[in-house]
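Protein chains in written order, with our numbering: chain W, 211 to 937; chain U, 818 to 897; chain E, 818 to 897; chain D, 9 to 240.
Note that the Cβ used here is the ideal one computed from N, Cα and C, for glycine as well.
None of the values given here were measured: they were computed from a predicted structure.
Everything on this sheet refers to the single structure shown next.
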Amino acid sequence: MAELYEELGLTEGEYRDIVRLLGREPNKVELGMYSLMWSEHCSYKSSRAVLAQLPTRASYVLQGPGENAGVIDIGGGLAVAFKMESHNHPSAVEPYQGAATGIGGIVRDIFTMGARPIACLDPLRFGDPASPRTRYLFGGVIAGIAGYGNCLGIPTVGGDIYFDPCYEENILVNVMCIGIMSKESLIRGQATGVGNAVVLLGNRTGRDGIGGASILASQEFDEKSQEKRPSVQVGDPFTEKLLIEACLELLEKKLLLGLQDLGAAGISCACSETAARGGVGMRIDLEKVPLREEMEPFEIMISESQERMLAIVEPRNLEEVLGVCGKWGLSAVVIGEVTEGDALKIYWHGEKVVDVPASTLASGPVYDRPAERPDYLDEVQSFDPSTLRHPEDLSQTLLRLAGGPNLCSRRMVWERYDHMVQLNTVVYPGSDAAVLRIKGTSKALAVSCDGNSRYVYLDPYLGTQIAVAESARNVVASGGVPMAFTNCLNFGNPEKPGIFWQFREAVRGMADAARYLELPVVSGNVSFYNESFGAAIYPTPVIGMVGLIGNAAHRMDIAFPQEGLAVALLGETLDELGGSEYLWLVHGMAAGRPPRLDLRLEKGAQTTCIEGIRRGIILSAHDCSEGGVAVALMECCCAGGVGARLEVDTELKPVSWLFSESQSRFVVTLREEGLPTLRELAKARNVQLEVLGRTGGDRLVINDWIDLEVAEMDRVREEALERIMRG
Amino acid sequence: MKVSVFVSPKQGVLDPAGQATLGSLKSLGFDEVSDVRIGKYITMRLEGVDAEQAEARVQEMCERLLANPIIEDFKVEIEG
Amino acid sequence: MKVSVFVSPKQGVLDPAGQATLGSLKSLGFDEVSDVRIGKYITMRLEGVDAEQAEARVQEMCERLLANPIIEDFKVEIEG
Amino acid sequence: MKFGVVVFPGSNCEMDCYHVIDKVLREEVDYVWHQETDVSRYDCLVLPGGFSYGDYLRCGAIARFSPVMEAVADYARGGGLVIGICNGFQILLEAGLLPGAMLRNTCLHFICRFVDLRVENASTPWTNAAEAGQVLRIPIAHNEGNYTVDAGTLRELQEQGRIILRYCAPDGTVSEESNPNGAMDNIAGICNEGFNVFGLMPHPERASEAVLGSTDGMVIWESVMAHYRGRG
Ligand SMILES: Nc1ncnc2c1ncn2[C@@H]1O[C@H](COP(=O)(O)OP(=O)(O)O)[C@@H](O)[C@H]1O
Ligand SMILES: [Mg+2]
Numbered sequence: 211m212a213e214l215y216e217e218l219g220l221t222e223g224e225y226r227d228i229v230r231l232l233g234r235e236p237n238k239v240e241l242g243m244y245s246l247m248w249s250e251h252c253s254y255k256s257s258r259a260v261l262a263q264l265p266t267r268a269s270y271v272l273q274g275p276g277e278n279a280g281v282i283d284i285g286g287g288l289a290v291a292f293k294m295e296s297h298n299h300p301s302a303v304e305p306y307q308g309a310a311t312g313i314g315g316i317v318r319d320i321f322t323m324g325a326r327p328i329a330c331l332d333p334l335r336f337g338d339p340a341s342p343r344t345r346y347l348f349g350g351v352i353a354g355i356a357g358y359g360n361c362l363g364i365p366t367v368g369g370d371i372y373f374d375p376c377y378e379e380n381i382l383v384n385v386m387c388i389g390i391m392s393k394e395s396l397i398r399g400q401a402t403g404v405g406n407a408v409v410l411l412g413n414r415t416g417r418d419g420i421g422g423a424s425i426l427a428s429q430e431f432d433e434k435s436q437e438k439r440p441s442v443q444v445g446d447p448f449t450e451k452l453l454i455e456a457c458l459e460l461l462e463k464k465l466l467l468g469l470q471d472l473g474a475a476g477i478s479c480a481c482s483e484t485a486a487r488g489g490v491g492m493r494i495d496l497e498k499v500p501l502r503e504e505m506e507p508f509e510i511m512i513s514e515s516q517e518r519m520l521a522i523v524e525p526r527n528l529e530e531v532l533g534v535c536g537k538w539g540l541s542a543v544v545i546g547e548v549t550e551g552d553a554l555k556i557y558w559h560g561e562k563v564v565d566v567p568a569s570t571l572a573s574g575p576v577y578d579r580p581a582e583r584p585d586y587l588d589e590v591q592s593f594d595p596s597t598l599r600h601p602e603d604l605s606q607t608l609l610r611l612a613g614g615p616n617l618c619s620r621r622m623v624w625e626r627y628d629h630m631v632q633l634n635t636v637v638y639p640g641s642d643a644a645v646l647r648i649k650g651t652s653k654a655l656a657v658s659c660d661g662n663s664r665y666v667y668l669d670p671y672l673g674t675q676i677a678v679a680e681s682a683r684n685v686v687a688s689g690g691v692p693m694a695f696t697n698c699l700n701f702g703n704p705e706k707p708g709i710f711w712q713f714r715e716a717v718r719g720m721a722d723a724a725r726y727l728e729l730p731v732v733s734g735n736v737s738f739y740n741e742s743f744g745a746a747i748y749p750t751p752v753i754g755m756v757g758l759i760g761n762a763a764h765r766m767d768i769a770f771p772q773e774g775l776a777v778a779l780l781g782e783t784l785d786e787l788g789g790s791e792y793l794w795l796v797h798g799m800a801a802g803r804p805p806r807l808d809l810r811l812e813k814g815a816q817t818t819c820i821e822g823i824r825r826g827i828i829l830s831a832h833d834c835s836e837g838g839v840a841v842a843l844m845e846c847c848c849a850g851g852v853g854a855r856l857e858v859d860t861e862l863k864p865v866s867w868l869f870s871e872s873q874s875r876f877v878v879t880l881r882e883e884g885l886p887t888l889r890e891l892a893k894a895r896n897v898q899l900e901v902l903g904r905t906g907g908d909r910l911v912i913n914d915w916i917d918l919e920v921a922e923m924d925r926v927r928e929e930a931l932e933r934i935m936r937g
Numbered sequence: 818m819k820v821s822v823f824v825s826p827k828q829g830v831l832d833p834a835g836q837a838t839l840g841s842l843k844s845l846g847f848d849e850v851s852d853v854r855i856g857k858y859i860t861m862r863l864e865g866v867d868a869e870q871a872e873a874r875v876q877e878m879c880e881r882l883l884a885n886p887i888i889e890d891f892k893v894e895i896e897g
Numbered sequence: 818m819k820v821s822v823f824v825s826p827k828q829g830v831l832d833p834a835g836q837a838t839l840g841s842l843k844s845l846g847f848d849e850v851s852d853v854r855i856g857k858y859i860t861m862r863l864e865g866v867d868a869e870q871a872e873a874r875v876q877e878m879c880e881r882l883l884a885n886p887i888i889e890d891f892k893v894e895i896e897g
Numbered sequence: 009m010k011f012g013v014v015v016f017p018g019s020n021c022e023m024d025c026y027h028v029i030d031k032v033l034r035e036e037v038d039y040v041w042h043q044e045t046d047v048s049r050y051d052c053l054v055l056p057g058g059f060s061y062g063d064y065l066r067c068g069a070i071a072r073f074s075p076v077m078e079a080v081a082d083y084a085r086g087g088g089l090v091i092g093i094c095n096g097f098q099i100l101l102e103a104g105l106l107p108g109a110m111l112r113n114t115c116l117h118f119i120c121r122f123v124d125l126r127v128e129n130a131s132t133p134w135t136n137a138a139e140a141g142q143v144l145r146i147p148i149a150h151n152e153g154n155y156t157v158d159a160g161t162l163r164e165l166q167e168q169g170r171i172i173l174r175y176c177a178p179d180g181t182v183s184e185e186s187n188p189n190g191a192m193d194n195i196a197g198i199c200n201e202g203f204n205v206f207g208l209m210p211h212p213e214r215a216s217e218a219v220l221g222s223t224d225g226m227v228i229w230e231s232v233m234a235h236y237r238g239r240g
């Protein structure tokens, strides 16, 4: 066994724990199951202790972390389930299938809770846009998300995309899904009731992903990954669509006691987790699992074949359950039953091959990893942008940013996604947050994904606070009150003290921002080992924020809606070029300190903006993020096809005013008569309000710094990504 | 020179299109069918190369573009 | 019995995928390629029929389901 | 007026069509499961968009053998009103209820966006509420909308006024630049000889409420309702 546990990625200590827990040596199948369930990917052994500091509760949180997805109450008997997940390594091996099955997995997490999936978002990180590898991966990932999501009839309504050389070998493919349900339909991944049937629904089992996700996601990525290729999972969105409909019908008819999707570690994981959550045991007859090809018991246990679900059903409902599945053309097979005690017993043609306490599989070890502040920080933080020589032609500089890979329009991406199906999308991609109406009510949801990892690299604590604040700000600019968020934490190898320090600081930043802004964290995902050849990606926490718009008529987008409106800037602009996109694109540097964040001012700016929107004063709103206020103004002009003439009175250097990424700012438009009220609202919260000028004309003019035709800016923004990807 | 390339899903890799087609054939009464797999049939013309060169070049095209070696097998036929 | 079906775009019918592939091959430096057409390569197993029956049945499958006569031609090969 | 929205495994716009008929048109509507064999109780059948059978093999190729399709064919032969939207259009083509076939978009990827459509024939059950030449702004969302047909049939379609909608510029000009998918003659929607069967790639149900950005799709629903009530 000695070589075997090592080969399976278990440590000697972990192996001894297993022997102690069992009171005997595990057999090969059992050992394989422990190795998967105790892998970083499934057990969160390095992150669990750190994540404990996140605030997860609020009066409206119906389900926090620990289930397949978080669930919040949005009133009127309705609830919203959402979660974000990573599919980084599989996507680096096979971008189309990796991204496609990523969508498949996160969507299952949502309908597993009893919710109908209503939207997906896809935060993506790629390497150098000039490299052929990036173009190949980009094309494959976008096509995979489109291929799978479009087929399901779930609109992909948002996301974000950054290009940075740090992701050259380790791209990030994070996916978020949101679902809606009546509060009563909430169901958990629990097995209950001795004698109840364990039913496997969906696709037949094959050798997909054997040693796949869990092993891939728990090891660094290098040449060896080539050998792992045959285990790639192939997605079948058609079967997934049938599963959604069948499961929602089963739940509506109240025929299920528990429902769990099969993800990493397949049947092993689904059975042990449902049994452990319900405090029961389970007996599985493995030969009953429908197979695509001949397989060993061990392979069946850990196969990651997609589009499968595990349901717990009372015997009296069995016939009806099988009937519903039959109607949808899905296979449904009883593979076992719930038993007394807490043992997971697995049989192969009557012979017992596994007998372990389910809870010991489901709750692996917990590590407190050593952390140490990495050395690079002093160096990058000591950089002072004021020593730089800035370009003279600021109009050209703005155009350069507009056509740069990180700031140009993402239209070519979202137009490949069906972002309209289900008839809920009332603010389309391209604004700050996407807005989804909730039919049958006056309400709507605003959703946004954010995470500028350059800030996090330069200051993990502050950078992660900014990610939370920015995500909330995007929701606010769209008229929503932020309610709760999910997240995906993409980091390097946690066994390295420098990486673990980044992780700890990032989570501390997230927790502090969440607590201050009163935003519970209801679900999330950790992806470690995003490294190749010893080099880690930037620490990349991604936030997925969900907000509620009480009256959908108050939804907001970024477009300057008409001529003759006052253009105002909420919030203060400081000399903060550190970590900016300007610094990166124009000077090729990722250095300095990220912009400051004063959470009190952030909250003040957000509530001012929301109040202004609710009172009908604010007619368009856009938060300022990468590229600063100049880029924000340009986006407002392009979105509405309306120019603006602005006079700025500032002590700052023009580049600083234009391109600093100071936080807690919104560009808004309003009618003249709304100004006094907005001034009062802002003043009461200590938020600066500066009127910059008026909308109108077909140019954006700012002092004698910027003078550009809206049509030209628009053309540059819109053509850039396609041109970059053509190479 | 006429060349044909046959690309098919690797053994063991899920082939949803094949499965759906099998189901449809059965429901149309073609009960004798037991397994369907759907791949690509690519034909092309090559100019100014002999059969041996063609073989090597097409092999390379398959590896680089026409097939996805992670999930697909391919074979090449030169018709001359 | 193993059967292969080759479905290809009809002569004169536009083949966007074939054209795009030709373009990509050229840009990868495969200048000798002059025409690419992409169709389907379908393989299946038939049980309990002889070659002659198989031929007729597969012909029928093609006409009814596997190919669309408006845009596609097909040919059948029985391997026995 | 009673609508039936036909649901195939993999359809995904059936709820959208149902919603518009029920909540916007305020007409009666049922889902019709693909295994049903009697559709005689409906005044209009809607074959919605989506990915029936995953679009595997060819879009619409498998769905057209669903039991309901024989009933749909009988219904159409008897003059019943049938509209196929997107995948529904593809199914009607595969079933031979409309002529022609769909190839992949020339750009080789899925496109979801608003397009402009010129109404080429405004005296059909589906367009009588429009004026000839009127431009409608309605979204498309498909991978295979590149309509093709043999030259003889194309001429027939043209001569008989059976080309109902063509992709155009906002000012109504029909040109190559305004063709999103390569469709022959910019065809976005056609009818059968009796004009009772209509197939179109754009999604009128996505442009039937102001909150979604356009109500131009209502032209089609209002036309068919007017036709049914004898005013069309
Ligand atoms: N991968 C993607 N998929 C879909 N939409 C995207 C994607 N990336 C960006 N978008 C959309 O493009 C718009 C601009 O994105 P971004 O610049 O990240 O916004 P912000 O800076 O306001 O967070 C948003 O509406 C976003 O949802
Ligand atoms: Mg924003």
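Cβ of residue i within 8 Å of any chain U Cβ
i      : result
I895/E : no
V830/E : no
G937/W : no
E304/W : yes
Per-residue burial, residue i [other beta carbons within 10 Å of its own, 16 or more giving buried]
i      : result
S424/W : Caution is warranted here: a pLDDT of 43 is assigned to S424/W, below 50, making its placement in the model unreliable, and no coordinate value can be reported.
N194/D : buried
Q836/U : buried
V404/W : exposed
E433/W : With a pLDDT of only 46 at E433/W, under 50, the local geometry of the prediction cannot be trusted, and the value read off the model is given with reservation. By the neighbour-count rule (16 or more Cβ atoms within 10 Å), E433/W is not buried but exposed.
R936/W : exposed
D319/W : buried
H559/W : exposed
CB contact check: residue i to chain E, cutoff 8 Å
i      : result
A149/D : no
A130/D : no
CB contact check: residue i to chain D, cutoff 8 Å
i      : result
P833/U : yes
L900/E : The structure shown does not extend to residue 900/E, since chain E spans only 818 to 897, so no value can be given for it.
Test: residue i CB closer than 8 Å to a CB of chain W
i      : result
R85/D  : no
H117/D : yes
P56/D  : no
I855/U : no
Beta-carbon neighbours of residue i, restricted to chain W and to distances below 8 Å
i     : result
C21/D : G363 and V631
Check: residue i C-beta below 7 Å from any heavy atom of ligand 4
i      : result
K653/W : Annotation note on ligand 4: not contained in the displayed structure, which lists ligand 1 and ligand 2 as its ligands.
Worksheet item: With contact counted as at least three CB pairs below 8 Å, one residue from each stretch, are the segment 84-93 of chain D and the segment 112-129 of chain D in contact?
Response: no
Discussion item. For the segment 869-884 of chain E against the segment 871-891 of chain U, do three or more pairs of beta-carbon atoms, one drawn from each stretch, fall closer than 8 Å, so that the two count as touching?
Written reply: no
Fill in: Those runs of the alpha helix (DSSP H) which lie wholly inside the segment 327-368 of chain W and span at least 4 residues
342-362
Worksheet item: Which parts of the segment 485-536 of chain W are runs of the alpha helix (DSSP H), unbroken and 4 residues or longer, counting only runs that do not cross its ends?
Response: 507-512
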